[in-house]
Amino acid sequence: MAHRFVRWMGAAPGGSWRDIGCGTGAVMQAVLDVAAPETVVGVDPSAGYVAYARRNIADQRAGFVLADAVNLPFADSTASVAVSGLVLNFVSDAPRAAAEMARVVRPGGLVGVYVWDYGEGGMEAIRAFWDAASALDPDAQYLDEAVRFPLCGRAPLRELLVGSGLEDVEADEISVATRFSDFDDYWQPFLGGQGPAPAYVASLPEERRAELRERLRSALPRAADGSIPLRARAWTVRGRRGA
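Per our numbering, residue 43 is the first one in the sequence shown, and the count goes up by one each step.
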């Protein structure tokens with residue numbers, strides 16, 4: 043997904059990139075792999091994520107800064123491109139973060155973001171989970187990312203960049219296959235306790251957890267080889283800073 047997003051940005055080779063909310067460094071690595079930048083700086087408020095990304099990205103063109111998306115530690119007009127992948131739903135003030143990204147790019151520079159499509163069913167693995175959970179427990183619907191994350195649709199994401207003052211704003215989508223080898227391969231990530239769905243599973247007594255598991259087992263599609271063929275879609279949006 044990150045590689046396809048970076049290609050979709052269509053930035054000219056060279057220049058200085060900023061990856062806002064770089065996390066483990068997936069988007070940074072994609073930029074280094076396919077965009078031929080002069081430099082790319084990852085920004086994240088988590089020291090743990092920055093340390094992990096620094097260990098795993100050895101490229102001399104990469105740098106890292108501990109900072110929050112709503113208060114970027116860069117001067118105005120100092121970057122060619124600013125991007126953010128799967129982050130803005132978790133930022134305290136997404137409009138301010140978008141405005142900060144627009145501020146740090148030069149006139150003519152690009153800003154681009156992408157988020158998972160929770161709102162229109164494009165995240166089939168998660169949609170199946172919350173449909174099953176809500177059928178058994180109506181209160182589960184309030185934990186659904188489609189309810190909790192207002193930026194998980196094409197229109198609000200586009201409006202976010204338009205509101206930051208960018209020009210030529212356009213939205214698109216990227217879809218990738220997410221095939222699970224069997225039901226256990228699908229179910230295991232929900233037992234990790236991190237994120238809305240795994241946290242909900244962890245909160246259930248064993249009997250209700252088993253009921254949810256079996257309901258999902260019956261509902262998910264199966265291929266002839268027993269695998270579960272699903273897809274994941276992200277909304278993408280990019281814009282250009284005007285002169």
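Idealized CB from N, CA, C, for every residue including glycine.
So, residue i versus residue j, is the Cβ gap smaller than 7 Å?
i: V152; j: A53; result: Checking the sequence, you will find Leu at residue 152 rather than Val. For L152 and A53, yes; Cβs fall inside 7 Å.
i: T66; j: A95; result: yes
i: G154; j: M51; result: yes
i: L208; j: V279; result: no
i: I216; j: R46; result: yes
i: S269; j: R196; result: no
i: L272; j: A117; result: no
Leaving out five residues on either side along the sequence, give the residues of the same chain with a beta carbon under 6 Å from the beta carbon of residue i.
i: Y242; result: L185
i: F106; result: G84, V92, R96
i: L258; result: A174
i: R148; result: S119
i: Y156; result: F47, G127, A276, T278
i: D214; result: T278
i: E248; result: none
Could you tell me the distance, in whole angstroms, from the CA atom of residue i to the CA atom of residue j?
i: A177; j: A261; result: 12 Å
i: L130; j: D224; result: 32 Å
i: G56; j: V76; result: 11 Å
i: D86; j: N98; result: 15 Å
i: F132; j: A244; result: 21 Å
i: P79; j: V123; result: 10 Å
i: A136; j: V112; result: 8 Å
i: G237; j: V218; result: 21 Å
i: A182; j: P240; result: 12 Å
i: E212; j: E201; result: 10 Å
i: V146; j: S134; result: 19 Å
i: Y228; j: G205; result: 38 Å
i: R282; j: R138; result: 17 Å
i: L233; j: D226; result: 11 Å
i: Q230; j: V125; result: 31 Å
i: L246; j: A100; result: 42 Å
Cutting at 8 Å between CB atoms, please list the residues of its own chain near residue i, excluding the five before and the five after it.
i: M165; result: W158, D159, E187, A274, R275
i: V82; result: S58, W59, R60, D61, M70, V73, L74, R103, A104, G105
i: F179; result: The sequence given here has Asp at residue 179, not Phe. Excluding residues within five positions, the ones whose Cβ falls inside 8 Å are R250.
i: A89; result: L108
Excluding the five sequence neighbours on either side, which residues of its own chain have a C-beta within less than 7 Å of the C-beta of residue i, listed in chain order?
i: A44; result: A68, V69, A72, G127
i: P115; result: V107, A109
i: G284; result: P149, E209
i: E162; result: G195
i: G235; result: A241, A244
**OP:** Pair every Cβ in the stretch 45-63 with every Cβ in the stretch 138-150, then say whether three or more of these pairs are closer than 8 Å.
**Re:** yes
Original post:
At a cut of 8 Å, does the stretch 171-178 reach the stretch 244-263 through at least three beta carbon pairs?
Top reply: yes
Original post:
On the three-pair Cβ rule with 8 Å, is the stretch 260-270 touching the stretch 189-196?
Top reply: Because the criterion of three Cβ pairs below 8 Å is not met, the stretch 260-270 and the stretch 189-196 do not touch.
Original post:
Which whole runs of the beta strand (DSSP E) in the stretch 107-148 are 3 residues long or more, in chain order?
Top reply: 121-127
Subject >> Runs of beta strand (DSSP E) wholly within the stretch 198-267 (minimum 3 residues, chain order) >> reply: 209-222
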